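Enquirer:
In our numbering, the protein residues as written are 180 to 335.
Laid out in structure tokens, this is it:
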């Protein structure tokens, strides 16, 4: 009985190792923020639509059924959002996704208090991270970072 259990356990371990090696390895999805547009506000929160360009550098398409994003500015959480969008990014192609995000008044106040009086929003470091939901083994995580570059006001 002990010998049979040990043989079964060995077989299961071997099958799991072989199974994991057969999973396709994917290059990370390249992401960049291509726009932020205001949306109508809801009481004590600000709403924005973040436009993301996702590039699939893989030989297989990526199918997704849901998107989640978090935006950190100056090392602090600022906005988060989810969308139940579904679609497909074909192999070696790109797609622009628009995800609505919310910023609570309290979070915006914390960000403002954390700024040095001589500091502006322009040039602050940001990090955007999230995922494209795709089932048990199809979820694709992504991340992008950089500095905020706000357009200059016209006529100043």
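Backbone N, C-alpha and C define an ideal beta-carbon position, used for all residues, glycine too. Note that the coordinates shown come from a computational prediction; the quantities given were computed from them, not determined experimentally.
Is it a yes or a no for the segment 236-246 touching the segment 213-226, going by three-plus beta-carbon pairs under 8 Å?
Expert: The segment 236-246, when compared against the segment 213-226, does not touch it at the 8 Å Cβ threshold.
Enquirer: Leaving out the 5 sequence neighbours to the left and right, which residues in its chain are closer than 7 Å to residue 200 when beta-carbon positions are compared?
Expert: Residue mapping note: residue 200 aligns to position 21 of the chain shown, counting from 1. Any reading at residue 200 needs caution, since the residue's pLDDT is 48, under 50, leaving its predicted position unreliable; the model's value is listed next. No residues qualify anywhere along the chain.
Enquirer: Starting from residue 251, follow its DSSP beta bridges and name the residues at the other end.
Expert: Here residue 251 refers to the residue found at position 72 of the chain shown. Per DSSP, 256, 306.
Enquirer: Count Cβ pairs between the segment 246-253 and the segment 301-312 that sit closer than 8 Å; are there 3 or more?
Expert: Enough Cβ pairs lie closer than 8 Å, so yes.
Enquirer: According to DSSP, is residue 181 part of a helix, a strand, or is it coil?
Expert: By one-based count along the chain shown, residue 181 stands at place 2. Looking at residue 181 - three-state DSSP - the assignment turns out to be helix.
Enquirer: Just checking my contact of residue 362 with residue 275 at CB under 8 Å: how many whole Å lie between their CB atoms?
Expert: Since the displayed the chain opens at 180 and closes at 335, residue 362 lies outside it and no answer follows.
Enquirer: By alpha-carbon positions, which one of 271, 184, 246, 282 ends up nearest to residue 206?
Expert: Within the chain shown, numbered from 1, the residue matching residue 206 stands at position 27. When each option's Cα is compared against that of residue 206, the closest is 271.
Enquirer: For residue 326 and residue 186, I'd like the C-alpha separation in whole angstroms.
Expert: Working through the chain shown from its first residue, we reach residue 326 at position 147. Working through the chain shown from its first residue, we reach residue 186 at position 7. Their backbone Cα atoms lie some 56 Å apart in a straight line.
Enquirer: Could you give the residue range of the beta strand (DSSP E) that holds residue 326?
Expert: As a first step, residue 326 is located in the chain shown; it is residue number 147 there, counting from the start. Note, residue 326: beta strand (DSSP E), 319-326.
Enquirer: Give me the DSSP bridge partner(s) of residue 228.
Expert: If you number the chain shown from 1, residue 228 lands on position 49. Bridge partners of residue 228: 216, 279.
Enquirer: Check the DSSP bridge columns for residue 221 and list the partner residues they point to.
Expert: Sequence index remark: in the chain shown, residue 221 carries index 42 (1-based). Per DSSP, 224.
Enquirer: In chain order, what residues of the same chain have a beta carbon less than 7 Å from the beta carbon of residue 288, not counting five sequence neighbours either side?
Expert: Reading the chain shown from its first residue, position 109 is the one you call residue 288. There are no such residues.
Enquirer: My output table needs one value for residue 284: the three-state DSSP class, helix, strand or coil.
Expert: The residue given as residue 284 occupies position 105 in the chain shown. Of the three classes helix, strand and coil, the one that applies to residue 284 here is helix, per DSSP.
Enquirer: Return the CA-CA distance between residue 184 and residue 262, expressed in angstroms with no decimal places.
Expert: Translated into positions along the chain shown, residue 184 becomes position 5. Translated into positions along the chain shown, residue 262 becomes position 83. About 47 Å.
Enquirer: When we look at the beta-carbon of residue 208 and count the other beta-carbons within 10 Å, is it buried (16 or more) or exposed?
Expert: Within the chain shown, numbered from 1, the residue matching residue 208 stands at position 29. Classification for residue 208: buried.
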